[in-house]
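Using our numbering, you'd call the opening residue of the sequence shown number 3 and step up by one each time.
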Amino acid sequence: MHHIYGQVRRCAEDYNMIEENDRIAVGVSGGKDSLVLLCALAGLREFFPRHFTLEAVTLDMGYEEMDFSSVERLCRSLDVRYTVIHTNIKQVVFDIRKEPNPCALCAKLRRGCLNNTAISLGCNKVALAHHFDDAIETFMLSLVYEGRISCFQPVSWLSRKELTLIRPLLYVEEKEIIRIAHTHALPVVFNPCPADKHTKRQEIKELIATLDKQYPGLHGRLFGAMRRLPLGGWQTGAGEEPERAGR
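This is the structure:
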């Protein structure tokens, strides 16, 4: 876990993600990514040069089979207050709208609910669990399906909400997150979404994995290219590639 602390701290410092007395809402879906993010930020509180506090927020999407009691216990052990917001997002997306491509609408509804909850809890920032691989996949999704060179930013300011979104896991590869979640037996909650693993993002993930086997190191070069373009909000001025686990 200490290696993750170092990567998250470096990312936070490169992009000035955390400032003195920040109150950060961590979006915790119950998946491996968000649980590792929560644990990393909770650990970072102990030695980061700026004081900050955390709130963990889970959106209950309306799936009856999802149980977040284990996540609540983890939050107690980390001394992080935990809030579950019950929503009807599943009903709206799948039962009422019957969306053939549900991910965009679902993401929009989740973002709005999470941001509003963060504001109600007195938070000025929201931490999202997008990691190294997510950034590359989003970049490739935009390129392949939209013909655009685009990706989310490490730090985003929402002027209408007066809220800042941060992504402290951007230097952490998914395989490292999987290893940490397994090693520390994090209470990953099964995702019952019928669209899970059947999306364009999954297709791109598999494409990148195939290309990376044929052209070793492509994964990292894509990330480097994204920073050197640079995409809006991605340039740090450090002039270095981020350290990546297992590379």
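Glycine residues also receive a C-beta, built at the ideal position from the N, C-alpha and C atoms.
The model shown is predicted, which means the values in this text are computed figures rather than measured ones.
- Counting along the chain, residue 62 sits inside the beta strand (DSSP E) bounded by residues 54-62.
- Among the bridge pairs identified by DSSP, residue 29 is matched with 59.
- Judged by their CB atoms, residue 175 and residue 134 are nearer to each other than the 8 Å cut-off.
- Taking C-alpha positions only, residue 89 is separated from residue 62 by approximately 6 Å.
- Rounded to the nearest angstrom, the gap between the Cα atoms of residue 143 and residue 203 is 7 Å.
- In terms of Cα proximity to residue 51, the closest of 15, 226 and 165 is 15.
- Proximity to residue 105 across 198, 80, 59 and 182 peaks at 198, based on C-alpha coordinates.
- Closest in C-alpha terms to residue 60, from the list 4, 120, 98 and 9, comes 120.
- 8 Å or more divides the Cβ of residue 188 from the Cβ of residue 28.
- Spatial neighbours of residue 115 in its own chain (CB-CB distance under 8 Å, excluding positions within 5 residues in sequence) are listed in chain order as 61, 87, 89 and 91.
- Using a 10 angstroms sphere on the CB of residue 84, the tally of other CB atoms reaches 16 or more, which defines it as buried.
- The bridge partners DSSP lists for residue 24 are 54.
- Straight-line spacing of the CA atoms in residue 226 and residue 220 works out to 10 Å.
- In chain order, 202 place their CB closer than 7 Å to the CB of residue 147, counting only its own chain and leaving out the 5 sequence neighbours on each side.
- In the three-state DSSP reduction, residue 161 falls in the coil class, being neither helix nor strand.
- Around the beta carbon of residue 122, fewer than 16 other beta carbons lie within 10 angstroms, which makes this residue exposed.
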